[in-house]
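> This is the structure, below, for whatever I ask next.
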Amino acid sequence: MAKTKKGDNTSPKADIDFEQELWGAANELWGAVAENQHKDYVLSLLFAKHISERYAMRREELQKELNDPRSDYYTTSDKQLNLVMEDELEYQVKNVYKLPEEATWTYLKDNSTRDDIKVIVDKAFVLIDEILAKRNEEFKGVLEPIFVKSQLSPTQVSGLINMFSNDKFSEAKNPQSDIYGRVYEYYIGKFAQAEGSGAGQFFTPGSVVRLLVEMIEPMKGRIMDLACGSGGMFVQSLKFVTAHGGDKNDISIYGQERYEGTLRLCKMNLLLRNLSFDVKLGDSLLTDRFPTIKADFTLMNPPFNISKWHPEDLPENDPRLFGAKEQFATDGNANYMWFQTLWYHLSEKGTAGVVMANGAMTTGNQGEKNVREHMIENGMVDCINASNRDHPMHLHGFNYHVLSLGSVLTNSVFKPGYEPAVVTQTMLPQSTMNMKWFASRPGNWMFHCHLSFHVTPEIRLPGAAEPDPPDQQPHMAGLVIGIKINPGPSDLISKGEEQDFNLYANEYKPGNGQRNGFSFSPHFSPDTNTISTPGPLLLLKQYQATFVTVINNMSFSTSVHWHGLDLDSRADGVPDWSASEGKISPLIQPGEKFTYKLTLMRPGTYIYHSHMNDVHQIASGLYGPIIVLRGNEIYNPNRSLLCCRLEIFGDGLKIEREF
Amino acid sequence: MLKDRTPVLIKFIAKDGNDLPPKQQKFLKESQNFGVGETADFEFKPLKAGIYNLQFIYGSGFFTWTQKWLVTD
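Protein sequences appear in the order of chains A and B.
Note that this note's numbering has the first sequence beginning at 1, numbered continuously upward.
Note that this note's numbering has the second sequence beginning at 660, numbered continuously upward.
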């Protein structure tokens, strides 16, 4: 798709690098105007200069063609020449606006020292605005007469005009430099910096905008931002298209903005780039101005955590809601209404990039939780590792297919048929994963990081989950999601003769501390200095129903999880969670036992391990290997690696070879 | 898998109990990284008798764990 090197989104620069100088010069002119209003004056003047200069350039171009004997326009008739020069269509065809003299920059510059320069500027603005609106009604109000009523002195206005009249500051002299776009962008960033947190309504930091655009790669199609502010997402999308050899005519832009002043900034920003667009005024939450538009790309940095957004004013049957209004219109907070809006406007194969408050991922507010559940259950989300650590993400009881793996800048999609089928996929820091599995068996399951210390109760986040009842063992917490699959048919198969055996969970107390391990034999010596870790290999056969009775000979409770096997939820071994048909997988108390029924759907290599107090129990030795053989397959220990045996010799481990 | 400190090719054939598609079953000098909870199956067909070392590396090479394999004629 990309014709140029990815990330190479720099536009050609002319020898102009004076944005900072302009900013400094402009600041010297202030004094009478509140800082948060600077942008209205500066950006409006900048826009007027741009419109005027493009008009002047087109006039010059026409003049040349009319005087060039090689041109189709060539004429010696003054009358003919004037007719062409005054023909509005000759300007419109180049997306240029024909201006009366009083609206041109030259006129403003020539009269900049007059005492009534504020009146002259306002008149020019009114004229330009009328001309814009004549071509497109939506452009009305882009330029407003704001100078007369301002506290700016004529000298300050004159200073601004002279500053922008700098010879270097000219599109004609710096073609391809996107000079106005650059300065506009620089100024809007600086104004945002000056305004602080209040600038969020019109400005999203460039790094965030670039990240979102690079992630969703909007090369062709409809791009929508329903909290569009000053249009930064659209401008960055244009840059992306240009940098990758695309055509800006292949994208169409739809935006909505709540604040009129901000919308004006957006329209100017887009007009400066010669982009065609449809951006409208209105509160996107309550009045969707594009009810029938589906976009290929939705980008959004909506205001976070808006309370009192008046969901009561939403129609009962608002098509954006995932379900009944009382369940999905969240009155405490608009965050999840933004998600529903975003989703509603996405086309079937669309991609969205959205910035949202961290807290939205874990909020327990009922309405928000409903939306989140709906999104997860309908496969609307990718798994994102937002941390700086690896996380091996394990799904209990099922294989899942990895459809794509990505980073903040790329997404590698596996070809259909080549999507890896896994039970655990390691996600690298700052990476993304899109996964799919078939919920083909009822019960309680979980998806979690397999690093024990990432799911230990000790790292439970406040508000992330309900606290454990005081009379119960602490449950897993951290990077873990519970999954409930409603009662229904099961895909499990058992064939042939059943088998059963015992597996003992033992506690050893050698000289240097406590160790644990599994064994087939009930005979062990608690003070031995030799233990077997991992536990014995369980050699099982595909489809053979296998009953494993785990006998807890330890002084603490445990459970066993059969990692990677497709089995009934109750046999999955997460105490007080794994359950089917109303029966819950128990915690096996000291001296007690529990029989797990294993179903062995797929031949392969797997693991069994404790799923209670994982940090301590797995580390102490409560794990082992499983090999499931195909029906007629014979296990040959000389051909397959078993597991190593570790021997404890007082102060350390020694590896004993085994073949 | 090393013989005389030289890597010997091993064939990556399955992950988490699932056979890889034939095109993805590749001979490797060393496997990709695996995380906790991931299992993998490799095929090793020695061409010569001798002592081989199966080496596991953890923590960016800070820890290594080696198991000797004896291959006889």
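Yeah, the Cβ is synthetic: ideal placement off N, Cα and C, and Gly gets one too.
Source: prediction; values computed, not measured.
Cα separation between His450 of chain A and Pro625 of chain A?
16 Å
> From Leu62 of chain A to Asp278 of chain A, what does the alpha carbon distance come to, in whole angstroms?
30 Å
> When you check each C-beta in the stretch 683-698 of chain B against every C-beta of chain A, which residues fall closer than 8 Å?
Here the close residues are Gln683, Asn692, Phe693, Gly694, Val695, Gly696, Glu697, Thr698.
> Give me the chain B residues within the contact set of Thr424 of chain A, using Cβ-Cβ distance strictly less than 7 Å, ordered along the chain.
Asp675, Gly694, Gly696, Glu697
> Inspect the beta-carbon positions of Ile223 of chain A and Ala295 of chain A and report whether they are closer than 8 Å.
yes
> Using three-state DSSP, classify Leu83 of chain A as helix, strand or coil.
DSSP places Leu83 of chain A in helix when its eight states are reduced to three.
> Assess contact between the stretch 72-85 of chain A and the stretch 103-115 of chain A, defined as three or more Cβ pairs (one per stretch) separated by less than 8 Å. Is contact present?
The answer is no - the stretch 103-115 of chain A does not touch the stretch 72-85 of chain A, with fewer than three Cβ pairs under 8 Å.
> If you draw a straight line from the alpha carbon of Arg676 of chain A to that of Asn370 of chain A, how long is it in whole angstroms?
Any answer about residue 676 of chain A is impossible in this case: the structure gives chain A only from 1 up to 659.
> With 8 Å as the limit, tell me which residues of the stretch 699-725 of chain B have their beta carbon closer than that to any beta carbon of chain A; keep them in chain order.
Of all residues in the stretch 699-725 of chain B, Ala699, Asp700, Leu713, Trp724, Thr725 have a Cβ within less than 8 Å of some Cβ in chain A.
> What residues of chain A sit near Pro680 of chain B, judged by a beta carbon separation below 8 Å?
Gly417, Tyr418
> Which one or two residues does DSSP pair with Cys449 of chain A in a beta bridge?
Beta-bridge analysis with DSSP links Cys449 of chain A to A:Met393.
> So with Cβ pairs under 8 Å, would you call Leu451 of chain A a contact of chain B?
Yes - at least one Cβ of chain B is within 8 Å of the one on Leu451 of chain A.
> When you compare the stretch 300-319 of chain A with the stretch 156-174 of chain A, are there three or more beta-carbon pairs, one atom per stretch, that lie closer than 8 Å?
Between the stretch 300-319 of chain A and the stretch 156-174 of chain A, the count of C-beta pairs closer than 8 Å stays below three; the two stretches do not touch.
> So with CB distances below 7 Å, who are the chain B contacts of Tyr606 of chain A?
Gly676, Thr698
> Using a Cβ-Cβ cut-off of less than 7 Å, list which residues of the stretch 390-410 of chain A approach chain B; keep chain order.
For the stretch 390-410 of chain A, which is checked against every Cβ of chain B, the residues closer than 7 Å are Asp390, Pro392, His394, Asn399.
> How many angstroms separate the CA atom of Gln92 of chain A from the CA atom of Met435 of chain A?
Between the alpha carbons of Gln92 of chain A and Met435 of chain A lies a gap of roughly 49 Å.
> Count the CB pairs spanning the stretch 439-446 of chain A and the stretch 564-583 of chain A that are closer than 8 Å, and state whether there are at least three.
yes
> Could you check the C-alpha separation between Phe414 of chain A and Ile376 of chain A for me, to the nearest Å?
21 Å
> Going by C-alpha distance, which of A:Ile485, A:Pro303, A:Leu428 is nearest Ala386 of chain A?
Across the set A:Ile485, A:Pro303, A:Leu428, the C-alpha of A:Leu428 shows the shortest separation from the C-alpha of Ala386 of chain A.
> Thinking just about the alpha-carbon of each residue, which of A:Val157, A:Asp572, A:Glu86 is nearest to the one in Asn111 of chain A?
A:Val157
> Please work out which residues of its chain come closer than 6 Å, Cβ to Cβ, to Asn388 of chain A, disregarding the five sequence neighbours upstream and downstream, and give them in chain order.
Pro429
> Indicate whether at least one CB of chain B lies closer than 8 Å to the CB of Arg320 of chain A.
Interface with chain B (8 Å Cβ-Cβ cutoff): Arg320 of chain A is excluded.
> Taking 8 Å as the CB-CB limit, is Asp663 of chain B close to chain A?
no
> Can we say the stretch 225-235 of chain A touches the stretch 321-337 of chain A, given the rule of at least three CB pairs closer than 8 Å?
no
> My assumption, with CB atoms under 8 Å, is that Leu622 of chain A sits in contact with Gly496 of chain A. Please give the rounded CB distance.
Not quite, the Cβ-Cβ distance comes to about 30 Å (not below 8 Å), so this is no contact.
> Hey, would you say Val628 of chain A sits closer than 8 Å to Leu600 of chain A, going by beta carbons?
yes
> Counting only Cβ pairs nearer than 7 Å, list the residues of chain B close to Gly564 of chain A.
Asp675, Gly676, Thr698
> Would Leu81 of chain A pass as a contact of Pro100 of chain A if the rule is Cβ separation under 8 Å?
no
> With DSSP collapsed to three states, give me the class of His561 of chain A.
Strand, per DSSP.
> How should Asp675 of chain B be labelled, buried or exposed, when 16 other C-beta atoms within 10 angstroms of its C-beta is the threshold for buried?
Asp675 of chain B should be labelled buried.
> Please identify the residue among B:Val695, B:Asp663, B:Asp700 whose C-alpha is closest to the C-alpha of Tyr717 of chain B.
B:Val695
> In the stretch 602-627 of chain A, which residues sit with their C-beta less than 8 Å from some C-beta in chain B, listed in chain order?
Arg602, Pro603, Gly604, Thr605, Tyr606, Ile607
> Below 7 Å CB to CB, which residues in the same chain sit around Cys266 of chain A once its five sequence neighbours on both sides are set aside?
Cys228, Gly229, Ser230, Gly231, Gly255, Glu257, Val279
> Look up Asp614 of chain A in the DSSP assignment and say whether it is helix, strand or coil.
helix
> Can you tell me which of the three DSSP states Trp338 of chain A falls into?
Looking at Trp338 of chain A - three-state DSSP - the assignment turns out to be helix.
> What is the DSSP secondary structure of Gln514 of chain A, counted as helix, strand or coil?
coil
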